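Number of protein chains: 2
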Amino acid sequence: MTKAEVRAGDPIKSALTGEDGIDFSIIELFFFAYRDFTSDPDQILGEYGFGRAHHRVVHFVNRRPGLTVAELLEVLKITKQSLARVLKQLIDTGHIIQVQGPRDRRQRELYPTAKGRALALALAAPQSRRIAAALAEAAPQDRGAIERFLMGMVNPEQRAQIAGETVADGDYRDDREREAG
Amino acid sequence: MTKAEVRAGDPIKSALTGEDGIDFSIIELFFFAYRDFTSDPDQILGEYGFGRAHHRVVHFVNRRPGLTVAELLEVLKITKQSLARVLKQLIDTGHIIQVQGPRDRRQRELYPTAKGRALALALAAPQSRRIAAALAEAAPQDRGAIERFLMGMVNPEQRAQIAGETVADGDYRDDREREAG
DNA sequence: CAATTTATGTCAGCCTTGTTGACATAAATT
DNA sequence: AATTTATGTCAACAAGGCTGACATAAATTG
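So the sequence lines, in the order shown, correspond to chains D and Z. At position 44 of the first sequence the residue is numbered 44 (full-length UniProt numbering), and the sequence of numbers has no breaks. At position 54 of the second sequence the residue is numbered 54 (full-length UniProt numbering), and the sequence of numbers has no breaks.
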């Protein structure tokens, strides 16, 4: 026995490394990367009295304008009671508005206002800058590989749901191009 | 004016896409990837009555056995009161034990027990499998690029802190190389 | 048409995990 | 001897998840 620990309850002094057949390297990198990735918008959100939950809602309403409450719940995978709290605030503050569904009048289509659009852009800007920097300094050639890797991390059933610019379905392209940015 | 919305407060019907100069594609992929990445261990944690906070503590105590409470707080970037709750549970359930610091007897060095080591491995296993699958199906050649990209997403000041197997500083290299993967 | 189902909203309460502030203790440092 | 440091602990609070229950309006079905 090479190790000092013998009895259950004794301290194990050896570090857990990749030798156990587990990819701790990427597990840990993913944790730190995501933590810092979300810290950028958290600053801005604080000024509005909003949190991460608001960010997610603003993001997806801007990415898929006109999606219904049910569709948003499906994307976020939270309950309607959880959504209700933050959605109400975003509606009250004029970032999002609801429009009665044209086919089905029970549905509420969600749209950003100009204010909501501006917020979504302000929140995404630092994240996009961080990504650009990481790509530039670390993987200028490998954007495609990174997108495929991230998509590969998503549960297969839900991959089609992702409105990827480069990767996915293109079903959300009913607006003509605009000249923003 | 090409758009229907004119007044502030009106619904914006056009989707926010990458044409605004923002990398929504990777922003969104990162969100979904991380969500599913964390959902694997969440299942297991539920059976123990633990949450994500416990996972993080168990993970880092196994990765850096003997680290002090202060060091763990630094890594996790949470307050000692937040840590205390989950750490106490992990100690009470025999997953982690504290050893009085040899040099400084005020310090508490944290070590996993065999039970804690097993839990860390059980939690990491599905995550590692997901990563392996994503690499295999999406970027077999590009592990290095992906590690560098993820490291590039981390705040520069904290990169040295990450005990990277392949990418980082080497300060944690008291174990010889392994043949993982 | 009446009954049922569906989409949404809302109330109430609970849990986890983060926060701040205050205070206690023991050990190290000055 | 006084101060600082590492840790622990108590209390209160907030965000954002959850479940369960119930209400309403609109669509669907028998």
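Glycine included, C-beta positions come from ideal geometry on N, C-alpha and C. Being a predicted model, the structure only gives us computed values, none of them experimental.
Q. What did DSSP end up calling residue 79 of chain Z once you bin it into helix, strand or coil?
A. If DSSP states are grouped into helix, strand and coil, residue 79 of chain Z belongs with coil.
Q. Quick one: is residue 81 of chain Z buried, meaning 16 or more other Cβ sit within 10 Å of its Cβ, or exposed?
A. exposed
Q | Where residue 79 of chain Z falls, given that 16 or more other Cβ within 10 Å makes a residue buried | A | exposed
Q: Compare the Cα-Cα distances from residue 55 of chain Z to each of Z/150, Z/101 and Z/120 and report the closest residue.
A: Z/120
Q: Evaluate residue 138 of chain D with the Cβ neighbour count: other Cβ atoms within 10 Å of its Cβ, from every protein chain shown; 16 or more gives buried, anything less gives exposed.
A: buried
Q. Using 8 Å as the threshold, is the segment 103 to 118 of chain Z in touch with the segment 123 to 142 of chain D, meaning 3 or more CB pairs across them?
A. no
Q) What are the complete beta strand (DSSP E) segments, minimum 3 residues, inside the UniProt domain "HTH marR-type" (23 to 155) of chain Z? A) 96 to 100 and 108 to 112
Q: Using a Cβ-Cβ cut-off of 8 Å, state whether residue 154 of chain Z counts as contacting chain D.
A: With 8 Å as the cut-off, residue 154 of chain Z counts as an interface residue toward chain D.
Q.
Against chain D, which members of the segment 32 to 50 of chain Z pass a CB distance test of less than 7 Å?
A. Across the segment 32 to 50 of chain Z, CB contacts with chain D closer than 7 Å involve 32, 33, 34, 36 and 37, in sequence order along the chain.
Q) Would you say residue 76 of chain D and residue 30 of chain Z are within 8 Å of each other, going by their C-beta atoms? A) Residue 76 of chain D places its beta carbon 8 Å or farther from that of residue 30 of chain Z.
(Q) For a contact defined as C-beta to C-beta under 9 Å, what are the partners of residue 127 of chain Z on chain D? (A) 22, 23, 26, 27 and 30
Q.
Here's the rule: buried if 16 or more other CB atoms are within 10 angstroms of the residue's CB, otherwise exposed. What is residue 148 of chain Z?
A. buried
**Q.** Collapsed DSSP secondary structure at residue 158 of chain D in the structure displayed
**A.** Looking at residue 158 of chain D - three-state DSSP - the assignment turns out to be helix.
Q. For chain Z, is any of its Cβ atoms less than 8 Å away from the one on residue 135 of chain D?
A. At least one chain Z Cβ lies under 8 Å of residue 135 of chain D.
Q.
Can you check which of these residues, D/155, D/110 and D/24, is closest to residue 40 of chain Z by C-alpha distance?
A. D/155
Q. Hey, residue 111 of chain Z and residue 61 of chain Z: beta-carbon distance below 8 Å or not?
A. yes
(Q) Which of the three DSSP states is assigned to residue 10 of chain D in this structure? (A) Reduced to three states, the DSSP call for residue 10 of chain D is coil.
**Q.** Rounded separation between residue 145 of chain Z and residue 99 of chain D - CA only
**A.** One Cα belongs to residue 145 of chain Z, the other to residue 99 of chain D, and the distance between them is close to 44 Å.
Q: Quick one: measure Cβ to Cβ for residue 153 of chain Z and residue 136 of chain D, integer angstroms, because I've assumed they're closer than 8 Å.
A: 12 Å between Cβ atoms; not a contact.
Q.
Distance cutoff 8 Å, beta carbons only. Does residue 85 of chain D sit that close to anything in chain Z?
A. no
Q: Could you tell me whether the Cβ atoms of residue 9 of chain Z and residue 113 of chain D are closer together than 8 Å?
A: Closer than 8 Å, so yes.
Q: Output the distance between the C-alpha atoms of residue 7 of chain Z and residue 36 of chain D, rounded to the nearest integer angstrom.
A: 37 Å
Q. So residue 12 of chain Z and residue 65 of chain D are in contact, right, with Cβ under 8 Å, and what is the actual spacing, rounded?
A. Contact check for residue 12 of chain Z and residue 65 of chain D: beta-carbon distance about 6 Å, within the 8 Å limit, so the pair qualifies.
Q) residue 50 of chain D: which of D/68, D/71, D/27 and D/86 sits nearest, CA to CA? A) D/86
Q.
I need the DSSP call for residue 18 of chain Z, collapsed to helix, strand or coil.
A. helix
Q | Under 7 Å (Cβ pairs) to chain D, residues found in the segment 88 to 105 of chain Z | A | 94, 97 and 99
(Q) Given a cut-off of 8 Å on the beta-carbon distance, is the pair residue 16 of chain Z and residue 117 of chain D in contact? (A) yes
**Q.** Residue-chain proximity (residue 157 of chain Z, chain D), Cβ-Cβ < 8 Å
**A.** no
Q | Whether residue 90 of chain D touches residue 83 of chain D by CB criterion (8 Å) | A | no
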